[in-house]
Amino acid sequence: MEWYVTRTVPGQYKRALSELMEAGIEAYCPMVRREIRHHQTKAWIMREFQLFTGYIFAKRANGVFFEELHRMRYVGSVLGGVNGPISIADTEVRAIKEAEERGEFDILRPPPVTTLKPDSRVYIQSGPLAGHYASVVKPKGKKAIKAVVESLGNAREIELSIANLKLVA
13 MEWYVTRTVP GQYKRALSEL MEAGIEAYCP MVRREIRHHQ TKAWIMREFQ
63 LFTGYIFAKR ANGVFFEELH RMRYVGSVLG GVNGPISIAD TEVRAIKEAE
113 ERGEFDILRP PPVTTLKPDS RVYIQSGPLA GHYASVVKPK GKKAIKAVVE
163 SLGNAREIEL SIANLKLVA
């Protein structure tokens, strides 16, 4: 089956999703989780935002798919070019879904140094060692740790900023 990208009416992606579901069209809107500090209470709050603001993936199931989309109130248009709407492979949408489930798009505050105990595993998100895993040796101040990167042939302790790390269970 083919997926298509639909543009929603501004600020109405939830209504567009429900409208597509009511019409029997499978729809998917990738989301990003983000930790935000409340402006008054200073408490950390988890909020969800669209990964692609204003766009929803819709799966074509029948022959009258495009005519049905054009009649919808909260779906603005279908993305396309000169040759008509552009389809997206099912594998691409599945890869986005899996990445969302793994939390790759999430924007979370860095873990406090107190949670990074020796022998904890962390994932390096950015910098020259991005994509590698490391084992914590010891904390180094409030914003850094000493760690051993698992992919390096020789085991040397390096210093990593906790802003670039994600704690792995």
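Going by the working numbering, the final residue of the sequence shown carries number 181, and the count climbs one at a time with no gaps.
Positions of the beta carbon are idealized from the N, C-alpha and C atoms, including for glycine.
From a predicted model like this one, the values you see are computed outputs, not experimental measurements.
Hey, would you say ARG45 sits closer than 8 Å to GLU60, going by beta carbons?
Closer than 8 Å, so yes.
Have a look at the DSSP bridge pairing and note the partners of PHE61.
Bridge partners of PHE61 according to DSSP: VAL44.
Would you kindly work out how many angstroms separate the C-alpha atoms of ILE48 and ASP118, rounded to a whole number?
Rounded to the nearest whole angstrom, the C-alpha separation of ILE48 and ASP118 is 12 Å.
Using three-state DSSP, classify SER183 as helix, strand or coil.
Because the chain is modelled from 13 through 181, residue 183 falls outside the range shown and cannot be assessed.
In the DSSP assignment, the beta strand (DSSP E) including VAL161 goes from what residue to what residue?
It spans 156-161 - the beta strand (DSSP E) in which VAL161 sits, taken as one unbroken run.
Quick one: grab the DSSP three-state call for LYS150.
When DSSP states are grouped into helix, strand and coil, LYS150 belongs to the strand group.
Proximity to THR126 [Cα-Cα], best of ASN74, GLU79, SER173, LYS154
THR126 has its Cα closest to that of LYS154, out of ASN74, GLU79, SER173, LYS154.
Who pairs with GLU169 in a beta bridge, going by DSSP?
Per DSSP, the beta-bridge partners of GLU169 are VAL160.
Among ILE108, ARG72, GLN137, nearest to SER99 - alpha-carbon criterion:
Cα-wise, what sits closest to SER99 is ARG72.
Can you list, in chain order, the residues of its chain with a C-beta nearer than 8 Å to that of ALA55? Leave out the 5 residues immediately preceding and following it.
ARG49.
Assuming TYR86 and ARG19 form a contact by the criterion Cβ under 8 Å, report the distance between their Cβ atoms to the nearest whole angstrom.
Incorrect: roughly 10 Å between the Cβ atoms, too far for contact.
As assigned by DSSP and simplified to three states, the class of LEU91
Three-state DSSP puts LEU91 in coil, outside helix and strand.
DSSP three-state assignment for VAL21, whether helix, strand or coil:
Residue state for VAL21 is assigned as coil, using DSSP reduced to three classes.
Between the Cα of GLY93 and those of LEU63, LEU128, PHE64, VAL17, spot the shortest distance and give me the residue it belongs to.
The shortest C-alpha separation from GLY93 is found at VAL17.
Would you mind reading off the limits of the beta strand (DSSP E) that contains VAL180?
The continuous beta strand (DSSP E) containing VAL180 extends over residues 177-180.
Between the beta-carbon of VAL134 and the beta-carbon of LEU179, is there less than 8 Å?
Yes, the Cβ-Cβ distance between VAL134 and LEU179 is below 8 Å.
Helix, strand or coil: how does DSSP classify LYS71 here?
In the three-state scheme derived from DSSP, where H, G and I count as helix and E and B as strand, LYS71 is classed as strand.
Indicate whether HIS42 and PHE64 have their beta-carbon atoms separated by less than 8 Å.
Per the sequence presented here, residue 42 reads as Pro, with His not at that position. Yes, the pair counts as a contact, with Cβ atoms nearer than the cut-off.
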